[in-house]
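Going by the working numbering, the sequence shown opens with residue 100, and the numbers climb by one from there. Comments concern the structure below.
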Amino acid sequence: MSAKHKNVTEDVTVELPITPMLDMSFQLMAFFIFTFRPAPSEGQIAMSLPKEEGGGDAVPSATDDKPVTFVVTVDSGPNGTVGNMTIREKDGPPGGDAIGASFDRYGAELRKRRADLKGRPSKLTLEIGDGILHEYVVRLLDVARQAEFEDIAPIPANPKSR
């Protein structure tokens, strides 16, 4: 008879302590909530993007003023700083006027040229040299916005990088 009952096992009850597991999960959740530091939200920079291609050709109106486009070429200096800057009109002579590396002179030149337009629409193209740090590019954009330029397009100075 003992051979008959040899394969039979007794019912085993498993006891899982749920309360300590819940306590630990709440402690972990509280730890992650208290130590989480969300990244600051990024600011918005107003600049013009390349136009979409396609669509029908519209007949230009005779009353539309073509905006005057200024091109500022920014050469890179040592350690990613701003080197020499020149400003010219897009349809003007290719050389342009030297501004140097001064942000104050850059801002004064932009304000002067903006005032000379007397309300006509204008654009500003920044040809940024290779190796300039992002902080200086943002500063160039900020000074241009302070000079009341609304349409600012930063592009690489090297045509192969465009």
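Built from N, CA and C at the ideal position, the CB exists for glycine as well. Remember, it's a predicted structure, so these values are computed and weren't measured experimentally.
Whose C-alpha, out of L240, G179, R212, is nearest the C-alpha of F202?
-> When each option's Cα is compared against that of F202, the closest is L240.
M184 - DSSP class collapsed to helix/strand/coil = Residue state, collapsed to three classes: strand.
Alpha carbon to alpha carbon, how far is F133 from V113? Give it in angstroms, no decimals.
-> The straight-line gap from Cα to Cα measures roughly 35 Å.
Residue interval of the beta strand (DSSP E) (run including T168) = For T168, the enclosing beta strand (DSSP E) begins and ends at 167–175.
Would you mind working out which of V111, E247, E226 sits nearest K189, comparing C-alpha positions?
-> The candidate whose alpha carbon is nearest that of K189 is E226.
Look up I198 in the DSSP assignment and say whether it is helix, strand or coil.
-> For I198, the secondary structure class from DSSP, reduced to helix, strand or coil, is strand.
By Cβ distance, which residues of its chain are closer than 6 Å to G228, with the 5 residues on each side in sequence left out?
-> V173, D174, S175, A256.
Output the distance between the C-alpha atoms of F130 and A138, rounded to the nearest integer angstrom.
-> Distance between F130 and A138, taken at the CA atoms: about 18 Å.
Could you check where the beta strand (DSSP E) with E226 kicks off and where it finishes?
-> Bounds of the beta strand (DSSP E) holding E226 are 221–227.
Should I186 and G195 be called a contact, given that it needs their Cβ atoms to be closer than 7 Å?
-> It is a contact, given that the beta carbons lie within the stated cut-off.
If you draw a straight line from the C-alpha of P119 to the C-alpha of M128, how long is it?
-> Each residue's alpha carbon lies about 14 Å from the other.
Contact belief for P253 with M146 at Cβ below 8 Å, rounded distance in angstroms | About 6 Å separates the two Cβ atoms, so the contact holds.
Comparing the C-beta of S147 with each C-beta of chain D, is any distance below 7 Å?
-> Here there is only one protein chain, and chain D is not present.
Applying the criterion that 16 or more other CB atoms from any shown protein chain within 10 Å of the CB defines a buried residue, is E247 buried or exposed?
-> Exposed, because fewer than 16 other Cβ atoms sit within 10 Å of the Cβ of E247.
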